[in-house]
Amino acid sequence: MVKKLVSIIIPVYNGSNYVAEAVESALNQTYENVEVIVVNDGSDDNGKTREVLKQYDNRIIYIEKDNGGVASALNEGIRNMSGDYFAWLSHDDIFEKTKIEKQMNAINACGDKMRISVMNYVFFDDKTKQEVATDFQNYYPIDIIENSIFLLLWGELHFSSLLFSKKHFDRVGLFNEQLKTAQDNEFLFRLLRNQRISFINDVGSYVRLHENAGTSQYRSVVQAENKKFYEWVSNMLTVEELKSIGGLEKRTKDKINGIIQSLGPYKESNVSNKEICELNLVICGAGVYGRRLNFELYSNNLRPYCFIDNDRMKNGMTIDGTRCMAMNKCSLPKDSIVIISNKFYEPLLKILNENGIKRIMKKIDIDAMILKYSDEDLKEMIKRKMDNV
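Pasting the structure below:
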């Protein structure tokens, strides 16, 4: 049987330091029928990116265009692709060598050529080489993972983990070139809404964390665009969709509203008149993910004791109704439960352990428990889990 052609598109802008590693990972796939399209989006690095890519000659399709942003580079690649299936690889990330083969096997096995394939992925720090894998199946039921936009709304999806039929572009259109940083989330919503996912319990890609990443350099733009996007999503979803995604309408609304609040300015307080359960919960990290967690804990009648954060500018502030203390100077209650909000949790886990803190959870642990338990049971389940530490 002739294997369907898969097009791997790599948009790149000033990426001479990483793009070769990305291209090699695409060319070295065990799947036998891939084409690799690299779109140089007007790099202004004195030809460094172009020179790096020259070594691949006829092994890749190389396209050079004026700078227009990631969405425009992806769309240019899509217009020039010959493949039946599409995968996006950022120039600073890496595909695991069996990714395409496993995903094509899964799509063929399910009998639905329009099924969207998703895998786990690994974060890795470019300097320390530390790695953290997602392992979604250890936290969420498979039927929920595979349900429409669940992973997108729960902040867990990374585009490098996907593979899908080119025909979906006919169904939902291309990437929105008006967006500079939210083009992935906006497209994913259109792609995944009311669709089924085929989840593979294996690692498909490696997501590089480094200081020159676009999400780090353009943080204010990232937050502003994504805030507008999630406000739009909140208005688009029906009550039935909200129920089907998170099990309860309120639960999914809380998730979306938590994201929206975390991407906006700090709020002095968001305490409701509900009875607040004190559990000495400490959120490690007062950034976007920490603020999302803070919102959801409040929504489930759990008021955090405090944030702790390495950013000295946040020390002493009240962030969304919860005070923030310096991580290296705080005095926590002995029975505190520290929740690491960062996805890349290994460095913080090490620091906390070195400071004698053993009652530690990850944000995804709490996310999974909120999905499973009502707010009446949540406090007791957290206590029970920590009593066994």
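Quick note on the working numbering: the sequence shown kicks off at 1429 and runs consecutively.
Where is the CB? At the ideal position from N, CA and C, for every residue including glycine.
What would DSSP say about residue i, mapped onto helix, strand or coil?
i     : result
E1524 : coil
E1559 : strand
W1516 : strand
D1737 : strand
R1621 : coil
K1702 : Low confidence applies to K1702: its pLDDT is 48, below 50, so where it sits in the model is not reliable enough to give any reading.
Could you compute how far the alpha carbon of residue i sits from the alpha carbon of residue j?
i     : j     : result
M1789 : K1778 : 13 Å
K1695 : I1747 : 6 Å
I1438 : R1731 : 44 Å
T1609 : V1498 : 8 Å
K1813 : I1768 : 16 Å
L1676 : R1787 : 30 Å
R1430 : A1537 : The sequence given here has Val at residue 1430, not Arg. Each residue's Cα considered, the two are about 15 Å apart.
N1495 : I1489 : 18 Å
E1774 : D1520 : 21 Å
V1447 : K1771 : 24 Å
N1575 : S1626 : 9 Å
K1655 : N1486 : 42 Å
S1444 : G1475 : 9 Å
S1545 : N1816 : 37 Å
L1707 : I1785 : 16 Å
K1678 : D1540 : 32 Å
E1804 : A1796 : 15 Å
G1744 : L1580 : 33 Å
L1665 : I1673 : 10 Å
V1766 : D1571 : 30 Å
K1595 : M1755 : 50 Å
D1473 : L1637 : 21 Å
G1686 : R1624 : 25 Å
G1718 : S1435 : 37 Å
W1516 : L1591 : 8 Å
G1583 : L1433 : 30 Å
I1792 : Y1568 : 9 Å
D1682 : E1659 : 12 Å
K1800 : E1724 : 14 Å
Q1558 : I1522 : 15 Å
Locate the beta strand (DSSP E) running through residue i, then write down its first and last residues.
i     : result
T1750 : T1750 to A1754
E1492 : I1489 to K1493
N1548 : I1544 to D1553
R1787 : No beta strand (DSSP E) holds R1787; DSSP gives it neither H nor E.
N1888 : Residue coverage of the chain in this structure runs from 1429 to 1817, which leaves residue 1888 outside it and unanswerable.
E1463 : V1462 to D1469
N1763 : Reading off the sequence shown, one finds Asp at residue 1763, where the question assumed Asn. It is not in any beta strand (DSSP E) - D1763 carries neither H nor E in the DSSP assignment.
L1637 : I1625 to L1637
S1435 : V1434 to V1440
What are the boundary residues of the alpha helix (DSSP H) that includes residue i?
i     : result
E1774 : E1774 to E1782
N1685 : E1677 to S1690
R1720 : V1716 to S1727
G1505 : V1498 to R1507
D1472 : Looking at the DSSP string, D1472 is not in any alpha helix (DSSP H), and its letter there is neither H nor E.
V1650 : R1647 to M1664
V1430 : Premise fails: V1430 is in no alpha helix (DSSP H) and is neither H nor E.
G1539 : From DSSP, G1539 is part of no alpha helix (DSSP H); its letter is neither H nor E.
D1803 : D1803 to D1815
K1671 : V1667 to G1674
S1510 : Looking at the DSSP string, S1510 is not in any alpha helix (DSSP H), and its letter there is neither H nor E.
S1453 : V1447 to L1455
Once you ignore the five residues that flank residue i on each side, which residues in its own chain have a CB closer than 8 Å to its CB?
i     : result
K1493 : V1467, N1468, D1469, G1470, S1500, A1501 and E1504
Y1549 : A1561, T1562, H1586, S1588, S1589, V1631, G1632, S1633, Y1634 and V1635
D1763 : N1708 and R1787
Enumerate in chain order the residues of its own chain whose CB-to-CB distance from residue i is below 6 Å, with the five nearest sequence positions on each side excluded.
i     : result
T1526 : T1458
L1691 : Q1651, N1654 and K1655
I1810 : none
Near residue i, what residues of its chain come up, given a Cβ to Cβ distance below 7 Å and the 5 sequence neighbours on each side ignored?
i     : result
N1701 : No answer about N1701 holds up, because its pLDDT of 46 lies below 50 and its placement is not dependable.
L1607 : A1499, E1614 and E1653
V1480 : S1444, V1447 and A1448
V1600 : R1618 and L1619
9 Å is my cut-off, CB to CB: does residue i come that close to chain D?
i     : result
V1710 : No chain D is part of this structure, which consists of one protein chain only.
ask   = Which runs of the beta strand (DSSP E) fall wholly inside the stretch 1564-1611 and span at least 3 residues, in chain order?
value = The stretch 1564-1611 contains these whole beta strand (DSSP E) runs: 1590-1593.
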